[in-house]
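**Q** Protein chains in written order, with the numbering used here: chain A, 496 to 856; chain B, 496 to 856; chain C, 496 to 856. Glycine included, each C-beta is placed from N, C-alpha and C at the ideal position. Handing you a structure now.
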Amino acid sequence: MSPVNRRLSELAEEIGGRIIGDGQVVIRNVASIDDAGPGDITFLANPRYQTHLKRCRASAIIVGPGIIADDSVPPKEKGFLEIADPYLGFARVLQMFAPPVHYDKKISAGASVDPTAALGADVTVFPGVFIGAGVQVGKATVLYPGVFLGDGVRVGNDCVLHPNVVVRQGCSIGNRVILHAGVVVGSDGFGYAGHGDERIKIPQVGVVEIQDDVEIGANTTVDRATFGKTVIERRAKIDNLVQIAHNVTVGENSIIAAQVGIAGSTRIGKDVTLLGQAGILNHLRIGDGATIGPQSGVPHSVPPGVVLSGGIAAAPHHEWLKVIALLPQLPKLWRLVRALEKKVSDLVKGGDQNHASHVRR
Amino acid sequence: MSPVNRRLSELAEEIGGRIIGDGQVVIRNVASIDDAGPGDITFLANPRYQTHLKRCRASAIIVGPGIIADDSVPPKEKGFLEIADPYLGFARVLQMFAPPVHYDKKISAGASVDPTAALGADVTVFPGVFIGAGVQVGKATVLYPGVFLGDGVRVGNDCVLHPNVVVRQGCSIGNRVILHAGVVVGSDGFGYAGHGDERIKIPQVGVVEIQDDVEIGANTTVDRATFGKTVIERRAKIDNLVQIAHNVTVGENSIIAAQVGIAGSTRIGKDVTLLGQAGILNHLRIGDGATIGPQSGVPHSVPPGVVLSGGIAAAPHHEWLKVIALLPQLPKLWRLVRALEKKVSDLVKGGDQNHASHVRR
Amino acid sequence: MSPVNRRLSELAEEIGGRIIGDGQVVIRNVASIDDAGPGDITFLANPRYQTHLKRCRASAIIVGPGIIADDSVPPKEKGFLEIADPYLGFARVLQMFAPPVHYDKKISAGASVDPTAALGADVTVFPGVFIGAGVQVGKATVLYPGVFLGDGVRVGNDCVLHPNVVVRQGCSIGNRVILHAGVVVGSDGFGYAGHGDERIKIPQVGVVEIQDDVEIGANTTVDRATFGKTVIERRAKIDNLVQIAHNVTVGENSIIAAQVGIAGSTRIGKDVTLLGQAGILNHLRIGDGATIGPQSGVPHSVPPGVVLSGGIAAAPHHEWLKVIALLPQLPKLWRLVRALEKKVSDLVKGGDQNHASHVRR
Numbered sequence: 496m497s498p499v500n501r502r503l504s505e506l507a508e509e510i511g512g513r514i515i516g517d518g519q520v521v522i523r524n525v526a527s528i529d530d531a532g533p534g535d536i537t538f539l540a541n542p543r544y545q546t547h548l549k550r551c552r553a554s555a556i557i558v559g560p561g562i563i564a565d566d567s568v569p570p571k572e573k574g575f576l577e578i579a580d581p582y583l584g585f586a587r588v589l590q591m592f593a594p595p596v597h598y599d600k601k602i603s604a605g606a607s608v609d610p611t612a613a614l615g616a617d618v619t620v621f622p623g624v625f626i627g628a629g630v631q632v633g634k635a636t637v638l639y640p641g642v643f644l645g646d647g648v649r650v651g652n653d654c655v656l657h658p659n660v661v662v663r664q665g666c667s668i669g670n671r672v673i674l675h676a677g678v679v680v681g682s683d684g685f686g687y688a689g690h691g692d693e694r695i696k697i698p699q700v701g702v703v704e705i706q707d708d709v710e711i712g713a714n715t716t717v718d719r720a721t722f723g724k725t726v727i728e729r730r731a732k733i734d735n736l737v738q739i740a741h742n743v744t745v746g747e748n749s750i751i752a753a754q755v756g757i758a759g760s761t762r763i764g765k766d767v768t769l770l771g772q773a774g775i776l777n778h779l780r781i782g783d784g785a786t787i788g789p790q791s792g793v794p795h796s797v798p799p800g801v802v803l804s805g806g807i808a809a810a811p812h813h814e815w816l817k818v819i820a821l822l823p824q825l826p827k828l829w830r831l832v833r834a835l836e837k838k839v840s841d842l843v844k845g846g847d848q849n850h851a852s853h854v855r856r
Numbered sequence: 496m497s498p499v500n501r502r503l504s505e506l507a508e509e510i511g512g513r514i515i516g517d518g519q520v521v522i523r524n525v526a527s528i529d530d531a532g533p534g535d536i537t538f539l540a541n542p543r544y545q546t547h548l549k550r551c552r553a554s555a556i557i558v559g560p561g562i563i564a565d566d567s568v569p570p571k572e573k574g575f576l577e578i579a580d581p582y583l584g585f586a587r588v589l590q591m592f593a594p595p596v597h598y599d600k601k602i603s604a605g606a607s608v609d610p611t612a613a614l615g616a617d618v619t620v621f622p623g624v625f626i627g628a629g630v631q632v633g634k635a636t637v638l639y640p641g642v643f644l645g646d647g648v649r650v651g652n653d654c655v656l657h658p659n660v661v662v663r664q665g666c667s668i669g670n671r672v673i674l675h676a677g678v679v680v681g682s683d684g685f686g687y688a689g690h691g692d693e694r695i696k697i698p699q700v701g702v703v704e705i706q707d708d709v710e711i712g713a714n715t716t717v718d719r720a721t722f723g724k725t726v727i728e729r730r731a732k733i734d735n736l737v738q739i740a741h742n743v744t745v746g747e748n749s750i751i752a753a754q755v756g757i758a759g760s761t762r763i764g765k766d767v768t769l770l771g772q773a774g775i776l777n778h779l780r781i782g783d784g785a786t787i788g789p790q791s792g793v794p795h796s797v798p799p800g801v802v803l804s805g806g807i808a809a810a811p812h813h814e815w816l817k818v819i820a821l822l823p824q825l826p827k828l829w830r831l832v833r834a835l836e837k838k839v840s841d842l843v844k845g846g847d848q849n850h851a852s853h854v855r856r
Numbered sequence: 496m497s498p499v500n501r502r503l504s505e506l507a508e509e510i511g512g513r514i515i516g517d518g519q520v521v522i523r524n525v526a527s528i529d530d531a532g533p534g535d536i537t538f539l540a541n542p543r544y545q546t547h548l549k550r551c552r553a554s555a556i557i558v559g560p561g562i563i564a565d566d567s568v569p570p571k572e573k574g575f576l577e578i579a580d581p582y583l584g585f586a587r588v589l590q591m592f593a594p595p596v597h598y599d600k601k602i603s604a605g606a607s608v609d610p611t612a613a614l615g616a617d618v619t620v621f622p623g624v625f626i627g628a629g630v631q632v633g634k635a636t637v638l639y640p641g642v643f644l645g646d647g648v649r650v651g652n653d654c655v656l657h658p659n660v661v662v663r664q665g666c667s668i669g670n671r672v673i674l675h676a677g678v679v680v681g682s683d684g685f686g687y688a689g690h691g692d693e694r695i696k697i698p699q700v701g702v703v704e705i706q707d708d709v710e711i712g713a714n715t716t717v718d719r720a721t722f723g724k725t726v727i728e729r730r731a732k733i734d735n736l737v738q739i740a741h742n743v744t745v746g747e748n749s750i751i752a753a754q755v756g757i758a759g760s761t762r763i764g765k766d767v768t769l770l771g772q773a774g775i776l777n778h779l780r781i782g783d784g785a786t787i788g789p790q791s792g793v794p795h796s797v798p799p800g801v802v803l804s805g806g807i808a809a810a811p812h813h814e815w816l817k818v819i820a821l822l823p824q825l826p827k828l829w830r831l832v833r834a835l836e837k838k839v840s841d842l843v844k845g846g847d848q849n850h851a852s853h854v855r856r
């Protein structure tokens, strides 16, 4: 953490919120609620964890509405900052205190830069970077060692491309984009025509467009389009080891957790959440605001706002073996139950007839 | 796209098929059916999308048999090319029009090449490549920046190894192989003996053999064998982020979609299709021509030609919660139904006896 | 294999066990039971594969207790080594015979080493390595081409970091650690606060600590902690393409198979086994010695020693379609069966009453 000293009241001016208790406490650092000590600020978003409050030794705590009772008397030299979204407030404070990374804003002699490439002001190019013909890199962007930018690639301003990121020819990266180590952008889409010995590769002549403020996790792969573009719209956030196939669109503000796979030509809407290891088939549309649970498989398009799940909770192994042995027999079970229904219904009628016959008799 | 001008009739001579309408239209480019305009060629394989035909502005369309009625009168300056497999025909046309990539066929001074390595004619070695002792590289092969070839690696002719591909010692790569960025070939198989503190690593002394015309997607990993070889047979096509464990064989012409995992010593036959995120356990045999659906888990060997699935379609979250709560109770449900069956069967018999007693009486 | 000649009796002295048959056979190599010939040693752990013994041409075979009957007469020039854990014995023998790798123990002029970095004795640094400010590397450690060590990284003794491994700033690696090609350690945890356009990144100010004797497979990613540490405890073994999220702890001796995903802040205990493609949700505890089956999803904490499964065996596609169509109707099926039960129970009672009335009459 950087050597920043701020009073809680000063933080409140920047991020908003209402101070309860001592606004004059001096904050030097940020910590988790369990690790925080004097001089630290932390946060409590979930009322369920309120018991943590008592033993928390932080000088200041960002809290949600209602966490601190209005009539409570906070201890001396302790302040609370009540704010509608305490996690967001905490993230803002953390951004103030996070140690800035200093780059030397130089083009390393150990990098290979094509003479036709155009690099903006204050760009940092580490050794071992490769920059192809006609590449454009915006101002203050950082290219770590082992980054590869193919011919004609455009990268915007204030981006960070971590070590060994590969962006193949013709692809474009917006502003303030973060690509974590080992990300591959613009690998060929997976497309073949014909069968067996006659199978041939379909040339992938499209590109990838990554818009502003996107962040993509380590070793994630984004294939180029067969034609046109694979698009990651602005502010989408993608975790590690995700597969984005050719011609996919990921809508703005969407969140994709680790190891998700999205097959070719599928359109993910805006504000969509795909949880870990989910798989989305090709040529589908996932509507705006939809949420897909972890490990869920999605074979059909999904309307906006819907929450789908398909994951199964692991169960004790020996019991689960019995369950999965019976699963394939589900159709038989249904037939059996239907047949029983019929028999029982006949019996009920028969009973009535019996009864009727008794009456008649 | 490259500046190629071809008449439709010329294309027909190369790829075959029957021209309907104007064979003299000049084709300058290839596009998808929605984006195509004058001067473009596109294709329509699926009769279901025939409505696209009407509004398609392409100069030429490759179509399957029966798409264009024999008695239809095509508009002027528009030609159709009817062919048995229009997607294959389209891929061939696309290969003609795709822009060729030009390599400088030089060994960069920024590469590290062991003096004992033998590089064929017209090989291109970018800066930042590492080539170990005794490596052999065939003619016209391209090694992009960051490629690592360990000691004794052999790579055939006309291969493309994209940036940051790693091929560890002793492994071999055939001809016309494409390894996309970040592929790792020859990492150690995952093998340990013993338990707890006594666990020790089993040295992985085997290699990987990748045969001709294989293509492997970005960040996929292929482990070396414990003994002998992990083999990817010719013309197999593997997508991104796939895991191929030690001693696996992938049969020729097989297709493996993204994020599939194949555990140790399993043999995948020829012409097998493994769809996205499927997982195959160790020591199995997947028969020739088998297909395994997306997200499917395969715990047993599979006979040739079989189509298996195990994936589940995601359902509305609240309904799915009820389903997975009941899943573990499936054995109980069966017992219940069996008991009911017995009771109903007794009742039916009892009813008959009742009836019989009435009759007797 | 290296040119090592050892008598079986000498091997027995090193690894223990009882010789049956000829202890004087000379061993020159190690092979699998099917490939072994004269001069080779192999092993047979599983009595089920005893039929392999007959046709095995190896000079020596390491076997488990009871595989060779006490009264059997082994053929001449053939020896057996009976040992409690034959696989462990075999691994030890393999370690003796595996060819040692020789490193030149030099710092390549083609590496970028910050002047403030401290490298121990006998360290090998290949070309294309990047070592940042304040980095410490222990003795005899090997850094392959393309390895990136960010500022302040510490790496212990006798480690091997394979090509293109990335360790970002401030992270620490113990002794005898093996990181396979493309591993990323210390990428940012996946954390954002706020929603939609207001979403902001939570700075990830923690680190990763990888303890002694850990091995991590190719292209696996280990995110740094938001605060504090993500920890991989000593002797944990992690396979390829695994995702370890921020603030996770993986306990000592645990085994994690390929493509597993572990979400943020989850604690994996000691001696835990997670099989391929399993997914563990965030903020959970997996107890010591627990085993989680392949493809299993774990949404709740798991007590020590428990064996859980959640994977489904793939079934014939057309039958499976019927099963998954019925799965969402499981709640309805239960209601139906409950209703039937009631009806049948009423009928049984009614039948009794009927019977009673007959009797009464």
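Can you name the residues that DSSP bridges to C/I757?
**A** Partner(s): C/I739 and C/I775.
**Q** With DSSP run on the structure shown, which of helix, strand or coil describes C/L614?
**A** Three-state result, C/L614: strand.
**Q** What three-state label does DSSP hand A/A593 in the structure shown?
**A** A/A593 falls in the coil class under three-state DSSP.
**Q** Quick one: is C/E508 buried, meaning 16 or more other Cβ sit within 10 Å of its Cβ, or exposed?
**A** Classification of C/E508: exposed, given that the 10 Å Cβ count is below 16.
**Q** Are there three or more Cβ pairs, one per stretch, closer than 8 Å when the stretch 664-682 of chain B is compared with the stretch 563-570 of chain C?
**A** The answer is no - the stretch 563-570 of chain C does not touch the stretch 664-682 of chain B, with fewer than three Cβ pairs under 8 Å.
**Q** Applying the 10 Å Cβ sphere with the 16-neighbour rule, what's the burial state of A/G691?
**A** When all chains shown are included, A/G691 counts as exposed.
**Q** Report yes if the C-beta of B/S607 is less than 8 Å from at least one heavy atom of the ligand HEM; otherwise report no.
**A** In the structure on display, the ligand HEM does not appear, and there are no ligands present to speak of.
**Q** Below 9 Å between beta carbons: does that hold for A/G805 and A/G782?
**A** Not a contact, by the Cβ cut-off of 9 Å.
**Q** First and last residue of the beta strand (DSSP E) that includes B/E577?
**A** B/E577 -> beta strand (DSSP E) spans G574 to E577.
**Q** Return the first residue and the last residue of the beta strand (DSSP E) that C/T725 is part of.
**A** Counting along the chain, the beta strand (DSSP E) containing C/T725 begins and ends at K724 to I727.
**Q** For A/F585, go through chain C and note every residue whose CB falls closer than 9 Å to its CB, in chain order.
**A** A688 and I697, listed in chain order.
**Q** Please state the DSSP three-state secondary structure of A/E508.
**A** A/E508: helix per DSSP, three-state reduction.
**Q** Within the 9 Å Cβ cut-off, does B/N735 reach chain A?
**A** So, interface residue.
**Q** What do you get for C/N742, buried or exposed, if any count of 16 or more other CB atoms within 10 angstroms of its CB means buried?
**A** Flag for C/N742 reads buried.
**Q** For a cutoff of 9 Å on Cβ pairs, would you count A/T725 as touching chain B?
**A** Cβ-Cβ to chain B under 9 Å: no for A/T725.
**Q** For A/I711, which residues from the same chain have a beta carbon less than 6 Å from its beta carbon, with the 5 sequence-adjacent residues on both sides left out?
**A** The answer, listed in chain order, is L674, V678 and I733.
**Q** For B/R694, which residues in the same chain have their Cβ closer than 8 Å to its Cβ, ignoring the five residues on either side in sequence?
**A** So the list reads Y687 and A688, once near-sequence residues are dropped.
**Q** Look at the Cβ atom of C/V802, then the Cβ atom of C/A820, and state whether they are nearer than 9 Å.
**A** It is not a contact, given that the beta carbons lie outside the stated cut-off.
**Q** Run through chain B and tell me which residues come within less than 8 Å of A/K817, C-beta to C-beta.
**A** Simply L825 and P826.
**Q** With respect to the alpha helix (DSSP H) encompassing B/E814, which residues constitute its N-terminal and C-terminal limits?
**A** That run of the alpha helix (DSSP H) goes H812 to L821.
**Q** Would you mind stating whether A/I775 and B/I807 have Cβ atoms separated by less than 9 Å?
**A** Contact flag unset, no.
**Q** Please confirm whether C/P799 has its beta-carbon closer than 9 Å to some beta-carbon of chain B.
**A** No, C/P799 does not count as interfacial toward chain B.
**Q** On the three-state DSSP scale, how would you describe B/H853?
**A** Low confidence applies here, because B/H853 scores a pLDDT of 45, under 50, leaving its location unreliable; read the following figure in that light. B/H853: helix per DSSP, three-state reduction.
**Q** Report yes or no: is there a C-beta of chain A within less than 9 Å of the C-beta of C/V750?
**A** The question names Val, yet the displayed sequence has Ile at residue 750 of chain C. Taking Cβ atoms only, chain A never reaches closer than 9 Å to C/I750, which makes this a no.
**Q** What residues in the stretch 700-722 of chain C bring their beta carbon closer than 8 Å to a beta carbon of chain B?
**A** Listed by position along the chain: E710, G712, A713 and N714.
**Q** Mind checking if C/R762 is an interface residue toward chain A, Cβ cutoff 9 Å exclusive?
**A** Not closer than 9 Å to any Cβ of chain A, the Cβ of C/R762 fails to qualify, so no.
**Q** Let me know the secondary structure DSSP gives C/I515 once reduced to three states.
**A** Strand.
**Q** Determine contact between the stretch 540-554 of chain B and the stretch 627-637 of chain B, defined as no fewer than three beta-carbon pairs at a distance below 8 Å.
**A** No, because fewer than three Cβ pairs between the stretch 540-554 of chain B and the stretch 627-637 of chain B fall closer than 8 Å, the two stretches do not touch.
**Q** Between the stretch 605-619 of chain A and the stretch 579-595 of chain A, do three or more beta carbon pairs fall short of 8 Å?
**A** The answer is no - the stretch 579-595 of chain A does not touch the stretch 605-619 of chain A, with fewer than three Cβ pairs under 8 Å.
**Q** What is the residue span of the alpha helix (DSSP H) that A/T716 lies within?
**A** Counting along the chain, A/T716 falls outside any alpha helix (DSSP H), though it belongs to the beta strand (DSSP E) covering T716 to D718.
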